[in-house]
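Below is one structure, written out as structure tokens; comments come after it.
As structure tokens, then:
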């Protein structure tokens, strides 16, 4: 099984939050973990925001970032190609998505040719769009 993580789901692998165990369980059950290459920069933003909000320490910020960078090499990464951008634009118009949500959904849809894809996200608009596009959702 392929598990596609948007950044809202991926961050739960590194910061203990509500639903972290749920995401970790899906990762353990998956054969392949996939995300868009925009997740790399989004994770830097998410970890920095957690530090600024006082949810993690400066030491945690450094160690979590290093753990993420090490894990990044194990993820299958979908590049933001012209194909992804064209599909993302269609999805943005169709579902009223934000830019990166459109890119994540397009990236997930592109890998559906590789096998069953389970989509992991926590933005309700993105989840509804993924469901309408026929993706299986993380339970």
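In this note's numbering, the protein residues as written are 871 to 1009.
Think of the CB as a built atom: it goes at the ideal place given N, C-alpha and C, for glycine as much as any other residue.
Values in this document were obtained by computation on a predicted structure and should not be read as measured data.
Proximity of residue 974 and residue 999 at Cβ, strictly below 7 angstroms: no
Sufficient close CB pairs (3 or more, under 8 angstroms) joining the region 991-1006 to the region 923-940: no
Residue 1005, enclosing alpha helix (DSSP H) - first and last residue: Unbroken run through residue 1005: none, as it is neither H nor E.
Cutoff 6 angstroms; reference residue 926; Cβ partners in own chain excluding five residues on either side: 920
Beta-carbon proximity check, residue 937 vs residue 957, cutoff 7 angstroms: no
Cβ shell of residue 913 (< 7 angstroms), same chain only, five flanking positions each side left out: 877, 880, 881, 938
For residue 946, the residue or residues it bridges with in DSSP: 904
6 angstroms Cβ shell around residue 875 - same chain, five flanking residues per side excluded: 905, 990
Same chain, Cβ closer than 7 angstroms to residue 955, neighbours up to 5 away in sequence not counted: none
Residue interval of the alpha helix (DSSP H) (run including residue 883): First-last for residue 883: undefined, no H or E at that position.
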